[in-house]
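Residue numbers (my numbering): 7 to 418.
Using N, Cα and C, we set each Cβ at its ideal position, and we do this for glycine too.
This one's a predicted model, so the numbers in the text were calculated from it and none came from an experiment.
Inspection log for the structure reproduced underneath, given as structure tokens.
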Ligand code: HGY
Ligand code: MN
Ligand code: MN
């Protein structure tokens, strides 16, 4: 069969995604598969089994990134890589990350069963801890692999119980031997749901991101003075939670003040002692600021630090802010993005150039290899929620675009 007529098996892609959705599935139909938990291990084990079934050469590196290779004729040439992540948000969806891993697996299944040889090796990857929700920051696996994070620093990252990344990686048996250091990659494609409203709104099937917003994450600690909720007069309080609440509202107002495309979020907050009749004395919360404009993001961060210091002084609640992640905006390889757009068109799908508001491992891989992404619509523009959904037709269409982008890059 000649390359052009190759198509993925949509039914098989669907059942593969449904199989994975059973591991860590929630009663609400979503996913609870945090990185390096037993559920993550089970999903990894299943992926390795599927990789073995199509005779991929499997290697697991010291960050638990799982690679599967199908050797090409000129195996000494830099290979073509595609993948994403299997870890999910606490009440996430069945497609975020999973579609990229299963899409790459499906492409390799099609090459195998059609005995298609390629000039370059084609490989797939499952990156560890893309979400950064259990072990912050995000993209620890691809970040160490591309030299952005130090491996031992990543190992030391604690979850909310204080359990360390490195311990958990060891415990689930995925701390591999291979060094987590990038090797030459000719092209990297990441297939992913859009996680936003654009494609559905304009009725386009394939999104072609030109890049990803820059992101900065803080951890913020606010201290107060605990006391009895009754006898303590209002003007004698250092209420850490009220100070934090004022800071949260300040962050929410920042995009209006800074202008541009900026978005800001506080997604996680911990209050203690968290008793209804004690004035809180310790609050920790997270800050997420994103913008295409790195200068604006920097200015916003400086502004925020000043604002928080002012609130802290006025309320007598010391504040500590720690930048735990700061990644500039990403511009993907224009030629590879063009390849995605052209391939989609030739397959009869409508394409649309856009920017990704969501972070992806592709942001780090893009710093060491030519990279592009393929998006498909998110129903209702929803993601990181249990109702996250993408039509099976769209999943199949995007996987066909991925298959043919991989073939083109693997045969040049
Ligand atoms: O934060 C993000 O956008 C991604 O889900 N890690
Ligand atoms: Mn993702
Ligand atoms: Mn995500």
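Terminal residues of the continuous beta strand (DSSP E) containing residue i?
i, result
"residue 215", "212 to 218"
"residue 333", "325 to 333"
"residue 349", "From DSSP, residue 349 is part of no beta strand (DSSP E) but of the alpha helix (DSSP H) over 340 to 352."
"residue 91", "85 to 91"
"residue 362", "357 to 362"
"residue 197", "191 to 199"
"residue 380", "377 to 382"
"residue 51", "Note, residue 51: premise wrong, no beta strand (DSSP E); alpha helix (DSSP H) at 44 to 59."
"residue 128", "128 to 133"
Apply the 10 Å Cβ neighbour rule to residue i and answer buried if 16 or more other Cβ atoms are within range, or exposed otherwise.
i, result
"residue 30", "buried"
"residue 162", "exposed"
"residue 137", "buried"
"residue 321", "buried"
"residue 331", "buried"
"residue 148", "buried"
"residue 13", "exposed"
"residue 202", "buried"
"residue 208", "exposed"
"residue 282", "exposed"
"residue 244", "buried"
"residue 303", "buried"
"residue 122", "buried"
"residue 69", "buried"
"residue 356", "exposed"
"residue 34", "exposed"
Anyone know if the C-beta pair for residue i and residue j falls short of 7 Å?
i, j, result
"residue 343", "residue 194", "no"
"residue 37", "residue 367", "no"
"residue 57", "residue 66", "no"
"residue 353", "residue 113", "no"
"residue 217", "residue 139", "no"
"residue 100", "residue 27", "yes"
"residue 39", "residue 94", "yes"
"residue 253", "residue 317", "yes"
"residue 125", "residue 406", "no"
"residue 289", "residue 250", "yes"
"residue 186", "residue 171", "no"
"residue 106", "residue 198", "yes"
"residue 266", "residue 246", "no"
"residue 287", "residue 235", "no"
"residue 75", "residue 129", "yes"
"residue 47", "residue 212", "no"
"residue 133", "residue 192", "no"
"residue 166", "residue 346", "no"
"residue 340", "residue 190", "no"
"residue 52", "residue 175", "no"
Quick one: measure Cβ to Cβ for residue i and residue j, integer angstroms, because I've assumed they're closer than 8 Å.
i, j, result
"residue 72", "residue 54", "7 Å"
"residue 268", "residue 261", "4 Å"
"residue 272", "residue 293", "6 Å"
"residue 205", "residue 358", "6 Å"
"residue 19", "residue 402", "6 Å"
"residue 143", "residue 227", "Rounded, the Cβ-Cβ distance is 17 Å, inconsistent with contact."
"residue 361", "residue 219", "7 Å"
"residue 152", "residue 371", "6 Å"
"residue 200", "residue 382", "7 Å"
"residue 338", "residue 327", "About 31 Å separates the two Cβ atoms, so there is no contact after all."
"residue 257", "residue 270", "5 Å"
"residue 169", "residue 333", "Actually they do not touch by this definition, with Cβ atoms about 25 Å apart."
"residue 240", "residue 306", "No, residue 240 and residue 306 are not in contact; Cβ-Cβ is about 32 Å, not under 8 Å."
"residue 32", "residue 392", "6 Å"
Between which two residues does the alpha helix (DSSP H) harbouring residue i extend?
i, result
"residue 209", "No alpha helix (DSSP H) holds residue 209; DSSP gives it neither H nor E."
"residue 256", "246 to 264"
"residue 67", "Run containing residue 67: none; DSSP gives neither H nor E here."
"residue 272", "Here residue 272 belongs to no alpha helix (DSSP H), and DSSP marks it neither H nor E."
"residue 293", "No alpha helix (DSSP H) holds residue 293; the beta strand (DSSP E) holding it covers 288 to 297."
"residue 116", "104 to 119"
Counting only C-beta atoms, is residue i closer than 7 Å to chain C at any point?
i, result
"residue 118", "Any reference to chain C falls outside this structure, which holds one protein chain only."
Which residues are close to ligand 1, meaning CB closer than 6 Å to any heavy atom, in chain order? Residues with their Cβ less than 6 Å from any non-hydrogen atom of ligand 1, running along the chain, are 136, 137, 138, 144, 364, 365.
Check each residue's C-beta against every heavy atom of ligand 2 and list, in chain order, those closer than 5 Å. Listed by chain position, these are 102, 103.
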